[in-house]
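Undergrad: Quick one: the structure is below, questions incoming.
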Amino acid sequence: MDDLELYDKAIRHYGIKHQLLMVMEECSELAKECSKVYRALDEGGEFAIDGLAEEIADVQITTGQITRFFDLKERIKAERKGKLKRLAERMKNENCED
Ligand SMILES: [Mg+2]
Numbered sequence: 002m003d004d005l006e007l008y009d010k011a012i013r014h015y016g017i018k019h020q021l022l023m024v025m026e027e028c029s030e031l032a033k034e035c036s037k038v039y040r041a042l043d044e045g046g047e048f049a050i051d052g053l054a055e056e057i058a059d060v061q062i063t064t065g066q067i068t069r070f071f072d073l074k075e076r077i078k079a080e081r082k083g084k085l086k087r088l089a090e091r092m093k094n095e096n097c098e099d
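Okay, structure coming up:
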């Protein structure tokens, strides 16, 4: 079973409303991990990069499921393209080197 088949199976098993809750929870957990890293960078402390990777994976998996359910792949692709273009333009306007 590939990832997409598993996403579909999870939606059928748990239901879309439950999986939307999972997206909310996983986004919250990712925000918490980002906060830990931010604080550690700010205070010169150490942080566990594994927690950040784990929560990014959780967000990717849960958003992957709702992407499939609502057939958002092409819309997301277009949004990403536009947003990355705006980011590049903004950085160019800020004279970003590299
Ligand atoms: Mg998580």
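Position one of the sequence shown corresponds to residue 2 (the working numbering), numbered consecutively onward.
Each residue gets a CB set at the ideal place from its N, CA and C atoms; glycine is no exception.
Computed from a predicted model, the values in this text were never measured in an experiment.
Of the choices ALA79, VAL24, LYS37, whose alpha-carbon is the least far from that of ALA58?
TA: Looking up residue 58 in the sequence shown gives position 57. Minimum Cα distance to ALA58 is reached at VAL24.
Undergrad: Do the CB positions of GLU34 and LEU22 come within less than 8 Å of each other?
TA: By 1-based counting over the sequence shown, the position of residue 34 is 33. By 1-based counting over the sequence shown, the position of residue 22 is 21. No, Cβ-Cβ distance for GLU34 and LEU22 is not below 8 Å.
Undergrad: So for ALA49, helix, strand or coil by DSSP?
TA: As a position in the sequence shown, residue 49 is number 48, starting the count at 1. ALA49 falls in the coil class under three-state DSSP.
Undergrad: Quick test of your reading: CYS97 and VAL60, contact by CB under 8 Å. State the CB separation rounded to the nearest angstrom.
TA: Residue numbering aside, residue 97 sits at position 96 when the sequence shown is read from its first letter. Residue numbering aside, residue 60 sits at position 59 when the sequence shown is read from its first letter. Actually they do not touch by this definition, with Cβ atoms about 27 Å apart.
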